[in-house]
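Here the structure is laid out as C-alpha coordinates; the discussion comes afterwards.
Numbering (our numbering), first residue to last: 823 to 992.
Below you can see the structure in the form of C-alpha coordinates.
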(Lines of atoms letter the chains of each structure in order from A and count residues from 1; the text may use other names and numbers.)
(Lines give C-alpha, C1' and ligand atoms only; values in the text may rest on other atoms or scores of the structure.)
Protein backbone atom coordinates (compact mmCIF):
# COMPACT_ATOMS: atom_id res chain seq x y z
CA UNK A 1 0.00 0.00 0.00
CA UNK A 2 1.45 3.32 -1.08
CA UNK A 3 -0.29 6.41 0.26
CA UNK A 4 -0.47 9.73 -1.54
CA UNK A 5 0.71 10.66 -4.99
CA UNK A 6 2.50 7.39 -5.86
CA UNK A 7 -0.34 5.31 -4.47
CA UNK A 8 -2.66 7.10 -6.90
CA UNK A 9 -0.41 7.38 -9.94
CA UNK A 10 1.08 3.86 -10.05
CA UNK A 11 -2.28 1.97 -10.18
CA UNK A 12 -3.59 4.53 -12.69
CA UNK A 13 -0.51 4.09 -14.91
CA UNK A 14 -0.60 0.28 -14.72
CA UNK A 15 -4.31 0.20 -15.54
CA UNK A 16 -3.81 2.63 -18.42
CA UNK A 17 -0.96 0.52 -19.82
CA UNK A 18 -3.03 -2.69 -19.55
CA UNK A 19 -6.05 -1.04 -21.20
CA UNK A 20 -4.01 0.57 -23.97
CA UNK A 21 -2.05 -2.57 -24.82
CA UNK A 22 -5.32 -4.52 -24.92
CA UNK A 23 -6.75 -1.98 -27.37
CA UNK A 24 -3.54 -1.86 -29.43
CA UNK A 25 -3.34 -5.65 -29.64
CA UNK A 26 -6.84 -5.84 -31.12
CA UNK A 27 -6.24 -2.94 -33.47
CA UNK A 28 -2.99 -4.38 -34.83
CA UNK A 29 -4.52 -7.84 -35.21
CA UNK A 30 -7.33 -6.37 -37.33
CA UNK A 31 -5.01 -4.08 -39.32
CA UNK A 32 -2.63 -6.87 -40.25
CA UNK A 33 -5.37 -9.50 -40.52
CA UNK A 34 -3.69 -11.56 -37.81
CA UNK A 35 -6.88 -12.35 -35.95
CA UNK A 36 -7.04 -15.79 -34.42
CA UNK A 37 -9.67 -17.92 -32.75
CA UNK A 38 -7.59 -17.92 -29.57
CA UNK A 39 -7.31 -14.11 -29.63
CA UNK A 40 -11.02 -13.84 -30.34
CA UNK A 41 -11.66 -15.96 -27.25
CA UNK A 42 -9.06 -14.45 -24.91
CA UNK A 43 -9.46 -10.73 -25.67
CA UNK A 44 -12.96 -10.36 -24.17
CA UNK A 45 -11.88 -12.48 -21.20
CA UNK A 46 -8.88 -10.20 -20.62
CA UNK A 47 -11.17 -7.14 -20.77
CA UNK A 48 -13.49 -8.69 -18.20
CA UNK A 49 -10.64 -9.69 -15.87
CA UNK A 50 -9.13 -6.19 -16.00
CA UNK A 51 -12.48 -4.48 -15.37
CA UNK A 52 -13.68 -6.95 -12.71
CA UNK A 53 -10.43 -6.84 -10.75
CA UNK A 54 -10.32 -3.05 -10.78
CA UNK A 55 -13.99 -2.71 -9.80
CA UNK A 56 -13.63 -5.14 -6.90
CA UNK A 57 -10.54 -3.31 -5.63
CA UNK A 58 -12.25 0.09 -5.97
CA UNK A 59 -15.22 -1.21 -3.96
CA UNK A 60 -12.91 -2.74 -1.35
CA UNK A 61 -11.05 0.54 -0.81
CA UNK A 62 -14.35 2.46 -0.74
CA UNK A 63 -13.63 4.57 -3.82
CA UNK A 64 -16.90 3.08 -5.09
CA UNK A 65 -19.28 3.05 -2.13
CA UNK A 66 -22.92 3.23 -1.03
CA UNK A 67 -25.40 3.15 -3.93
CA UNK A 68 -22.52 3.46 -6.43
CA UNK A 69 -21.74 -0.21 -5.72
CA UNK A 70 -24.92 -1.02 -7.66
CA UNK A 71 -23.23 0.18 -10.87
CA UNK A 72 -20.28 -2.14 -10.20
CA UNK A 73 -22.65 -5.05 -9.47
CA UNK A 74 -24.57 -4.39 -12.71
CA UNK A 75 -21.32 -4.45 -14.68
CA UNK A 76 -19.94 -7.58 -13.01
CA UNK A 77 -23.25 -9.49 -13.25
CA UNK A 78 -23.73 -8.68 -16.92
CA UNK A 79 -20.19 -9.70 -17.78
CA UNK A 80 -20.63 -13.08 -16.07
CA UNK A 81 -24.05 -13.72 -17.65
CA UNK A 82 -23.01 -12.75 -21.18
CA UNK A 83 -19.80 -14.79 -20.90
CA UNK A 84 -21.95 -17.78 -19.97
CA UNK A 85 -24.30 -17.07 -22.87
CA UNK A 86 -21.37 -16.86 -25.31
CA UNK A 87 -20.02 -20.16 -23.98
CA UNK A 88 -23.43 -21.81 -24.33
CA UNK A 89 -23.90 -20.51 -27.88
CA UNK A 90 -20.35 -21.52 -28.86
CA UNK A 91 -21.26 -25.15 -28.16
CA UNK A 92 -23.86 -24.82 -30.90
CA UNK A 93 -21.31 -23.13 -33.20
CA UNK A 94 -23.20 -19.84 -32.87
CA UNK A 95 -21.12 -16.66 -32.73
CA UNK A 96 -22.31 -13.54 -31.00
CA UNK A 97 -20.14 -10.78 -32.47
CA UNK A 98 -19.13 -7.83 -30.30
CA UNK A 99 -21.25 -4.80 -31.17
CA UNK A 100 -19.94 -1.25 -31.47
CA UNK A 101 -22.05 -0.29 -28.45
CA UNK A 102 -20.40 -3.07 -26.44
CA UNK A 103 -17.00 -1.70 -27.48
CA UNK A 104 -18.09 1.76 -26.31
CA UNK A 105 -19.31 0.19 -23.05
CA UNK A 106 -15.91 -1.40 -22.46
CA UNK A 107 -14.14 1.88 -23.24
CA UNK A 108 -16.37 3.79 -20.80
CA UNK A 109 -15.86 1.15 -18.11
CA UNK A 110 -12.09 1.37 -18.49
CA UNK A 111 -12.14 5.17 -18.73
CA UNK A 112 -14.21 5.52 -15.55
CA UNK A 113 -11.97 3.06 -13.69
CA UNK A 114 -8.84 4.91 -14.83
CA UNK A 115 -10.27 8.19 -13.52
CA UNK A 116 -11.33 6.59 -10.23
CA UNK A 117 -7.85 5.12 -9.77
CA UNK A 118 -6.35 8.63 -9.71
CA UNK A 119 -7.72 9.10 -6.17
CA UNK A 120 -7.01 12.34 -4.34
CA UNK A 121 -4.27 13.22 -6.82
CA UNK A 122 -6.87 13.15 -9.59
CA UNK A 123 -9.19 15.34 -7.53
CA UNK A 124 -6.43 17.95 -7.32
CA UNK A 125 -5.69 17.78 -11.05
CA UNK A 126 -9.18 17.39 -12.50
CA UNK A 127 -11.84 19.85 -11.46
CA UNK A 128 -14.56 20.68 -13.96
CA UNK A 129 -17.23 23.12 -12.73
CA UNK A 130 -17.18 21.80 -9.14
CA UNK A 131 -16.99 18.15 -10.26
CA UNK A 132 -13.77 16.50 -9.14
CA UNK A 133 -12.16 13.42 -10.72
CA UNK A 134 -13.95 10.97 -8.43
CA UNK A 135 -17.37 12.46 -9.19
CA UNK A 136 -16.68 12.46 -12.93
CA UNK A 137 -15.45 8.86 -12.69
CA UNK A 138 -18.63 7.79 -10.89
CA UNK A 139 -20.84 9.57 -13.45
CA UNK A 140 -19.04 7.77 -16.30
CA UNK A 141 -19.26 4.49 -14.34
CA UNK A 142 -23.06 4.89 -14.14
CA UNK A 143 -23.20 5.71 -17.86
CA UNK A 144 -21.23 2.55 -18.59
CA UNK A 145 -23.54 0.58 -16.26
CA UNK A 146 -26.58 1.71 -18.27
CA UNK A 147 -24.83 0.77 -21.52
CA UNK A 148 -23.91 -2.52 -19.86
CA UNK A 149 -27.59 -3.23 -19.18
CA UNK A 150 -28.62 -2.26 -22.70
CA UNK A 151 -25.94 -4.30 -24.47
CA UNK A 152 -26.54 -7.20 -22.10
CA UNK A 153 -30.24 -7.19 -22.97
CA UNK A 154 -29.38 -6.95 -26.67
CA UNK A 155 -27.00 -9.93 -26.49
CA UNK A 156 -29.49 -11.93 -24.43
CA UNK A 157 -32.25 -11.27 -26.95
CA UNK A 158 -30.01 -12.24 -29.88
CA UNK A 159 -28.79 -15.33 -28.03
CA UNK A 160 -32.33 -16.49 -27.26
CA UNK A 161 -33.36 -15.85 -30.89
CA UNK A 162 -30.41 -17.96 -32.09
CA UNK A 163 -31.21 -20.74 -29.64
CA UNK A 164 -34.89 -20.79 -30.66
CA UNK A 165 -34.07 -20.80 -34.38
CA UNK A 166 -31.62 -23.68 -33.82
CA UNK A 167 -34.27 -25.63 -31.88
CA UNK A 168 -36.76 -25.09 -34.71
CA UNK A 169 -34.26 -26.55 -37.21
CA UNK A 170 -34.18 -29.81 -35.26
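Virtual Cβ for every residue (Gly too), placed ideally from N, Cα, C.
Endpoints, the alpha helix (DSSP H) within which residue i is located
i           : result
residue 842 : 826-853
residue 886 : From DSSP, residue 886 is part of no alpha helix (DSSP H); its letter is neither H nor E.
residue 921 : Where residue 921 is concerned, there is no enclosing alpha helix (DSSP H), given that its DSSP letter is neither H nor E.
residue 914 : Looking at the DSSP string, residue 914 is not in any alpha helix (DSSP H), and its letter there is neither H nor E.
Selected residue, minimal CA-CA separation from residue i, among the options
i           : options               : result
residue 871 : 853, 886 and 902      : 902
residue 927 : 879, 893, 832 and 884 : 893
residue 919 : 945, 855 and 973      : 973
residue 985 : 948, 914 and 941      : 914
residue 904 : 842, 828, 976 and 990 : 976
residue 845 : 886, 865 and 856      : 865
residue 827 : 853, 944 and 852      : 944
residue 881 : 898, 869 and 868      : 898
Residue i burial status per 10 Å Cβ neighbour count (16 or more: buried)
i           : result
residue 988 : exposed
residue 931 : buried
residue 979 : exposed
residue 951 : exposed
residue 934 : buried
residue 983 : exposed
Residue i - partner residues in DSSP beta bridges
i           : result
residue 954 : 949
Report yes or no: do the stretch 932-948 and the stretch 831-840 share at least 3 C-beta pairs separated by less than 8 Å? yes
Would you check if there are 3 or more beta carbon pairs closer than 8 Å linking the stretch 956-970 to the stretch 881-900? yes
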